[in-house]
Each structure stands twice: as structure tokens, then as C-alpha cells.
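Taking it in order: structure first as C-alpha cells, then the write-up.
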Amino acid sequence: MSSHNYIKNSKNENILININGELFHRSEAKISVFDSGFLLGDGVWEGIRLHKKKLVFIEDHINRIFASAKGISLEVPFSKEDIIFEINKVLLANEMEDDIHIRFIISRGDKITPYQNPNANVGPINFVIIPEFKKTDPKTYSRGIKIGRVNNIRPTEMMLNPQYNTLSKLNCILASIEANRLGFDEGIMNDINGNISTCNSTNLFFINDNKVITSTGDHCLNGITRGKIIQVCDENNIKCLQKNFTFEEIENCKEAFVTGTFAGVIPVKMIEKRLLNSTKENSLTNDIRSLYNKKINEYINLKC
Ligand SMILES: Cc1ncc(COP(=O)(O)O)c(C=O)c1O
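Residue numbers (the numbering used here): 314 to 617.
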């Protein structure tokens, strides 16, 4: 099990991909070896869902990609409308309507030589939109995932600000490799002060005494889903504390869940060797997941 398990779909073998506004079959979709993203991880990205023909929470995703781009001094020469137009173009060409996952990537563009300084960049930015038929595996929710502590920590905003969704994912990847080695689906990462920050590819919440606890958000990606969960809790009188806390404080928690655009709310079945109640029918995690799914449905209906 993982936080990103999906139902395989053979239609993905023939998808079209948007590269700088042109559509290519996936076998022909290629980017230069001088691209800044390929050479140096220099760029930003978003993962977006299409459900019932609607790009879910698209305004939040577009705002975040602009904020991430600004955070790394990358000028995006498009309007929000241009981006939505390019996403819709490739969705339409692929006849995609539901359970679609879209990876939208903007890199600083091609370089004259593989050198880090952006003064070696010669061209405009490159953008790529990869849409896939990707339905979440329902077993993700019934089985839950296993998480545990790893040694890799989240950097501060003065290192590589984790609030920007950049292509420089090595910090997350190294934590993920460590988690794999330890037999966890996701690694629990601390911040620089020893407080729990997040997981390697998702945001993290614990539940104790019917209270939801999560990090302050200062040292992790401020997930769109994380934001919606905090909102959902507020709207439904579920206490959700955003605070600094250590592993010892939540060691005996009864439930936990992780969040992300792809699978929404994913129950944590096990923290290291301890079994939790999160996958149970009557868990608060389950209630929060239903409330979050309701929020998506409300959004979809509103966008009609
Ligand atoms: C490190 C990290 N944390 C959390 C998330 C979840 O964020 P969101 O809810 O916006 O998908 C992601 C997904 O991009 C991520 O890469």
C-alpha cells in the first residue's frame, strides 16, 4: 500500500502530453537535455485532479504555482486563464472527464550549458502538462498506510523553503527511500527544531481525545488538501490545533491520517509498530474524509 496507489488503466499508454502548448503522444513527448528542470531540478509544479469534468480547487493550485514561482524568482509569462486553457486543451484532446490526475510542471527553461546560474538560461520557460487516467485504489482507505519516523528533516525557509512546490524534490525522495528501507509507506519528518513537520509526500494529522493536531505549517508544503481539512474541521466544530509538538506527544494517539490532492484523506493504520483505529468505520478520520469528499462535491456542483 502507498499514499499514491491507483487503479492501472491501459488508456495511459496512449495519452497526449502538452509541451509548451503542443500536444505529443507520450512516446514522442520529449524535453531538451539542457532543460533547467532536468539538469538541476529548477522549476515548480502542481498535482491537480479532474473530477466530473471539473478541475478541483483549481484557483488554489494556480495561486500556489504562482506563489512557488515567485518564491524562486521564476517569472511565469502566462495569465491564470492561459494556464487553464492549456490544461483544458490537453484534457479535451485525451477525452478525459473523471478520475484524472494532472501533473503541471514549469521549468526555468533551456540553458546554453549545464551550469546552475540562471544567467546560463537562453530560452523562455518550458511547461509540460501530463494528464493521466488515475483512479485512487479504494484499498487505500480500507487498509490504511503505515508511517514512521525517518532521519531526514524538512529544511527551513532559509535553506530550500518547503512551502514552495519545487522540482528540487531530493529532500522528500531521500526521506521516502529511508521510509522504504524501514518498511513504512510514508516517513514522518521533523522540522529543524525537532517538532513533527509532515510526511515525505503528504501532510500529516493526528487525533487524540477527539482533537485533531497538525504542525504549524511553517516548515512543510501548505497542501491544498491540508488547508481544506483545517477549514472542514472549523466548519464542523471539530477542534483542529496547528502547533509545535514532538513525536512523544502523539505517541499514544488513537488515529492519524495523511492528506494530498491525489487520494484526499488517507487513514494511517500503523505508526511504526502500533496499530491505530483510523481505518474503522466509526473513526473521526472516516468522518473527516466524508466531510472533505462532500467539500469536493460542493465545489464541483458550484462550478456547473
Ligand atoms: C511534500 C508534499 N507534502 C504535501 C503534499 C500534498 O499537497 P496537496 O494537498 O496540495 O496535494 C505534496 C503534494 O504535492 C507534497 O509534495
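For every residue, glycine included, the Cβ atom is placed at its ideal position computed from N, Cα and C.
All figures in this text were calculated on a predicted structure; none of them were measured in a lab.
Margin query: Taking 8 Å as the limit between beta carbons, can you name the residues of its chain near Pro468, skipping five residues before and five after?
Written below: If we look at Pro468 and ignore the five residues flanking it on each side, its Cβ neighbours are Asn474, Pro475, Asn484, Ile505 and His532.
Next item on the list: Could you round the C-beta distance between Leu589 and Ala569 to whole angstroms and report it? I think they count as a contact, below 8 Å.
Entry: 6 Å
Notebook entry, point to check: Do the stretch 412 to 423 and the stretch 385 to 397 make contact, defined as three or more Cβ pairs closer than 8 Å?
Noted result: yes
Item checked: Extent of the continuous alpha helix (DSSP H) run through Arg494 -> Leu483 to Leu495
Note to self: So, with DSSP's three-state summary, where would you put Tyr319?
What the structure shows: strand
Notebook entry, point to check: Can you name, in chain order, every residue of its own chain whose Cβ lies under 8 Å from the Cβ of Lys593, other than the five neighbours on each side?
Noted result: If we look at Lys593 and ignore the five residues flanking it on each side, its Cβ neighbours are Asn599.
Checklist line | CB of Ser528 within 8 Å of CB of Asn549, strictly | finding: no
Checklist line | Candidates Asn439, Glu445 and Ile537: closest to Lys343 by CA position | finding: Asn439
Item checked: Cα-Cα separation, Arg462 to Arg587 -> Arg462 and Arg587 have their C-alpha atoms spaced approximately 13 Å apart.
Notebook entry, point to check: In chain order, what residues of the same chain lie with their CB nearer than 6 Å to the CB of Ile413, ignoring the 5 residues before and after it?
Noted result: Leu363 and Pro444
Next item on the list: Give a yes or no on whether the C-beta atoms belonging to Gly356 and Thr511 are separated by under 8 Å.
Entry: no
Next item on the list: May I ask you to list the residues that DSSP assigns as paired with Phe370?
Entry: By DSSP's assignment, Phe370 forms no beta bridge with any residue.
Check: With respect to the alpha helix (DSSP H) encompassing Thr598, which residues constitute its N-terminal and C-terminal limits?
Finding: Leu597 to Leu615
Item checked: Host alpha helix (DSSP H) of Ile397 (start-end) -> Lys393 to Ala406
Next item on the list: Could you say which of Phe337, Asn614 and Arg494 lies nearest to Ile442 if we only look at CA atoms?
Entry: Phe337
Next item on the list: Could you tell me which residues DSSP pairs with His338 in its beta bridges?
Entry: Leu329
Note to self: Strictly under 8 Å for the Cβ-Cβ distance: is Ile375 near chain D by that measure?
What the structure shows: Going by chain labels, chain D is absent from the structure shown, which holds only one protein chain.
Notebook entry, point to check: Rounded to a whole number of angstroms, what is the C-alpha to C-alpha distance between Asn606 and Ile361?
Noted result: Answer to the nearest angstrom: the Cα atoms are 15 Å apart.
Next item on the list: With a threshold of 16 other CB atoms inside 10 Å of the CB of Glu499, please say whether the residue is buried or exposed.
Entry: Classification of Glu499: buried, given that the 10 Å Cβ count is 16 or more.
Next item on the list: Output the distance between the C-alpha atoms of Ile328 and Lys447, rounded to the nearest integer angstrom.
Entry: 12 Å
Checklist line | Cα-Cα separation between Leu517 and Ser315, rounded to whole angstroms | finding: 14 Å
Check: From the DSSP output, which residues share a beta bridge with Cys621?
Finding: Absent from the model: residue 621. The displayed extent of the chain is 314 to 617, so no value can be given.
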